[in-house]
Structures are given as C-alpha cells and as structure tokens.
Amino acid sequence: MLKKNILPSHLASFIITAFMSWGAFANALQIVAISNLIHDTTSSTTTEFIANEVSTIIENINIGSTTWINGTQAEELNQAIQHTHCKKEYEGPGGSAANTIAGLKALGMEVGIIGALAADILGNEYIASLNAKGIKYRLTPAQNKKRGSGTCTVLITENEAGISERTMLTNLGVSGEIIVSEEDLLWLTTAQCLLVEGYLFRPESTYESICYAAERMKSAGKKVALTLSADFCVSGNRDKMLDFINSYVDIVVGNETEAQLLTDASTPEMAAEILKEKKLKGAVTCGANGAYVFDETGVYFIDSPEVSAERVKDTTGAGDQFLAGFLYELFNDGSIQNAGKTGAFCAGDVIKQWGGQPHNSFIDESLFIPYDAIKPEVAESIELKA
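For the record, in the sequence shown the residue sitting at position 89 is 1060 according to this note's numbering, with numbers rising by one throughout.
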C-alpha cells in the first residue's frame, strides 16, 4: 500500500535467512512491539491539588482524562509535585504496548520493542529496565534532539463517590516520532508477531513507519496485532485505523468505549460481532464487567475475576496486561476462551500493584496453570500471585 526506499521483500527475506543461519538470533523473538517509551510517575493526591496547583501550569485540564503537555510543563509539574503532599506511588517504565511487552516477558515469552528515547537520565533508566527484564530492543534516532525522553504523570484522586480516577499528563518528548530503519525491519521480521499501539497513528511519519513494518510482516507471512489504547486515539484517527486494520491486522483488542467508537456499535457485544465479521481475533474488554472475545468460531463472554476494592491500587495497566495474557495464550496454542480468561487474570493481578508493568514474573507453577489442563470450576477460582 505504501512505498518507501527500502529493500525489496525477496531480498529482505534472503538477508533474514542469512542472519538466522549465522546464529545472530540465539532465542527466537515471538512478539515485537513498536511503542511510545514513556517514563511513568504515579502519585496519590487530591482534586484540590489539581484544581489549585496543576491548573496554573496546564490549562483546561479535565480530571480523569489524558492531557498532552510539553517539556516545560512537565518539568514545572514535577517541581509542584515534589513540593506538595502528593504521595509518589510508582516511578518507572511505561507506555501502552511497552507495558504489554513487559507482561509477556513476565509470562516467559521472548519479546522485543522498538521505540525512541533521548540520551538523558530517564532514557538511560528505561534502557536499564529493559536490560534487567531481558527485553530485547532497538532504539530509533531521536528526530528532535532538543526534546527529552517521554514522560507521563499519573495523578490518582477520589471523586465524591469515593471512586478512584486517573488524570494522565503526558509529554511525548522524543518518543512520539518513531522512524524505523531497514535494520529495524529486518530484526522485526524475525518475530512471529508485530504489536502496534493506537497512539502511533500520529504524527504522519510514525503512522507511515507502522504501515511499513506491518506490510513487511504480512509479506513475511507473520501476524500483526493492534491495541486501540485510548478512546481519543480511535476518535481522532478512525479512518486511518480502519484502513490499517483492513490492510494488515489479525488481532485487535480494545475496551468497550474504544471498540464501539471504532465500529459505530451500540454495545460491546455488537462491536465484537462486527470485528469478528472482519475475520479478526480479539477482545472487547469491559473492566470489572468482563470481556467479549471472538474469532472465526464466534463471540464468547468472559467474566472478570473478583478483586476486592481494598486490594485495587492502580488500574493503569489493566488493559495492557489483559492483552499480554491474551496474546500469551494465542501464541501458545490456547483457545480464544482461554486467551480471554488468562487476559482477565493478568489484568486482575496488575491492578493490585502500582504501575502498569508487572513487578514480578506472572509464572508460578502452583498458581499459573494452563486452562486446558484443569476443570472449568477450578479455573474460576485461580488467582495469580499478588
């Protein structure tokens, strides 16, 4: 669909075969994501702090939503948080597809990531985290060297009903523009699947990069998965997203709001039906109200595991870890129903901690058992370790 001055597919395939025959890839990659690499900071605070302090730095802020900010605002915001009674709960790596990749690694898969970081302290910390987890990576050149690494400040507050709300203030920095090289594409196509996040449909240069990558993967007979990421990603890029799905995607996962915006459906179940008719596999998640998973055999409802309110700390990574469990099952010959169940349990596990990436391995032989090996009534009671 798109043209670029890169190697022809047949020549690229030859080079990939040669690389692999030379033993360049000791452990075969299973899933590689292209993602915004974001340094997350999560703090508990009050709505008064947002109204009285944050609003003087960032105009038109809406509690419970995402607001884009620039580097100067991000620094002023950081200073304001340090000089108040905000309680810092988490600081570390984040990013939509990056969170999923960390979850897949925690499940034991060989994974990699492509993204952009600045040559600064936060960039170095992110690289150290990838190395510590054993996640392979390739960094694309920063397109604007005056910008720093991407950051996201997450402010957790309670509304009048006592319900927790997340206000996300995101400075993309250099992470927002990802230009893949021929070397990146050669590395990518050694994997079984490319994972793309909804945040990458802007700017145009990044959208072109994910199209080149997806086109190369499909030419190599590989899979492409898409996480819709956020409702504004869908509403702002719906035509592009539908074109991308129709051209490349095999697996799509999003929450009910995102999926209904994408399909113009009135219910999450209807959205799942519409996506199934496109011959896709995927899921429409509904938070604590379960999920609808689908493939060519049909649409199936999956219950969410019960997690008591006092155990819920942070829902930031719930959707990302649902996707991790879902993909884990699909790429380990699990059924679509088991993919939904494993996704639900991974989501239910990560919300018991702060931050969107699992702090420990999900794998515990006494707790994590393939669903095909146990009775359904037993599966309902399994809970991944906190």
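In this text, a Cβ means the ideal position worked out from N, Cα and C, and glycines have one as well. As the structure is a computational prediction, the values presented were derived from the model and not from experiment.
Identified DSSP bridge partners for residue i
i: Ala1087; result: Ala1087 is not bridged to any residue.
i: Gly1225; result: Val1255
i: Ala1201; result: According to DSSP, which records beta bridges pairwise, Ala1201 is partnered with nothing at all.
i: Ile1009; result: Gly1065, Gly1121
i: Val1270; result: Phe1265
i: Glu1047; result: For Glu1047, which the question treats as bridged, DSSP gives no partner whatsoever.
i: Ala1164; result: Residue 1164 is actually Cys in this sequence, not Ala. For Cys1164, which the question treats as bridged, DSSP gives the partners Ile1002, Lys1194.
i: Thr1037; result: Met1139
i: Ser1275; result: Answer is none; Ser1275 lacks a bridge partner.
i: Ser1015; result: Lys1058, Ile1127
i: Val1366; result: The chain is shown from 972 up to 1357; residue 1366 falls before or after that span and cannot be answered.
Cβ-based burial, residue i [other Cβ within 10 Å; buried from 16]
i: Ile1092; result: exposed
i: Glu1248; result: exposed
i: Lys1194; result: buried
i: Trp1039; result: exposed
i: Pro1064; result: buried
i: Asp1214; result: exposed
i: Gln1292; result: buried
i: Ile1134; result: exposed
i: Gln1231; result: buried
i: Lys1312; result: buried
i: Gly1296; result: buried
i: Ala1022; result: exposed
i: Thr1027; result: exposed
i: Ala1099; result: exposed
i: Arg1282; result: exposed
i: Ser1279; result: exposed
i: Gly1192; result: exposed
i: Ala1132; result: exposed
Residues near residue i by beta carbon distance below 6 Å, same chain, minus five either side
i: Lys1076; result: Val1082, Lys1104, Ile1106
i: Asn1130; result: Glu1136
i: Glu1240; result: Tyr1263
i: Val1220; result: Val1195, Leu1197
i: Ala1243; result: Val1255, Tyr1263, Phe1265, Val1270
i: Ile1085; result: Ile1005, Arg1109, Asp1155
i: Arg1168; result: The sequence given here has Glu at residue 1168, not Arg. So the list reads Ser1006, Ser1067, Ala1068, Thr1198, Ser1200, once near-sequence residues are dropped.
Cut-off 7 Å between Cβ atoms - residues of its own chain near residue i, not counting five sequence neighbours on either side
i: Phe1020; result: Thr1055, Cys1057
i: Phe1172; result: Tyr1178, Cys1204, Asn1208, Lys1211, Met1212
i: Thr1018; result: Ile1034, Thr1128
i: Tyr1299; result: Leu1075, Leu1078, Met1080, Thr1313
i: Ser1206; result: Leu1232
i: Pro1276; result: Ala1315, Phe1316, Gly1319, Glu1354
i: Glu1336; result: Unreliable placement is indicated for Glu1336, whose pLDDT of 34 sits below 50; the coordinate value is still reported in the next sentence. Hits under 7 Å: none found.
Contact set for residue i: own chain, Cβ-Cβ below 8 Å, skip 5 residues either direction
i: Ile1029; result: Thr1038, Ile1040, Gln1044, Leu1048, Leu1140
i: Ile1150; result: Thr1111, Pro1112, Gln1114, Ser1176, Thr1177, Ser1180
i: Ile1032; result: Ile1021, Val1025, Ser1026, Thr1038, Thr1138, Leu1140
beta-carbon residue i near the ligand GDP non-hydrogen atom, thresh 7 Å
i: Ala1184; result: With respect to the ligand GDP, the structure shown offers nothing to examine, as it has no ligands at all.
is_contact[residue i, chain D] using C-beta, thresh 8 Å
i: Val1283; result: The chain inventory of the structure shown lacks chain D, comprising one protein chain alone.
Between the region 1120-1138 and the region 1010-1020, do at least 3 Cβ pairs fall closer than 8 Å?
yes
Is the number of C-beta pairs between the region 1269-1279 and the region 1110-1118 that are closer than 8 Å three or more?
no
Note down, one range per segment and in chain order, each beta strand (DSSP E) of at least 3 residues found wholly within the region 1107-1142.
DSSP runs (the beta strand (DSSP E)) wholly in the region 1107-1142: 1107-1110, 1121-1129, 1135-1142.
The region 1288-1300 touching the region 1314-1329, judged by at least three CB pairs closer than 8 Å
yes
For the structure I just gave you, are there three or more beta carbon pairs, one from the region 1249-1259 and one from the region 1219-1230, closer than 8 Å?
They touch, by the three-pair rule.
Are there three or more Cβ pairs, one per stretch, closer than 8 Å when the region 1145-1155 is compared with the region 1044-1055?
no
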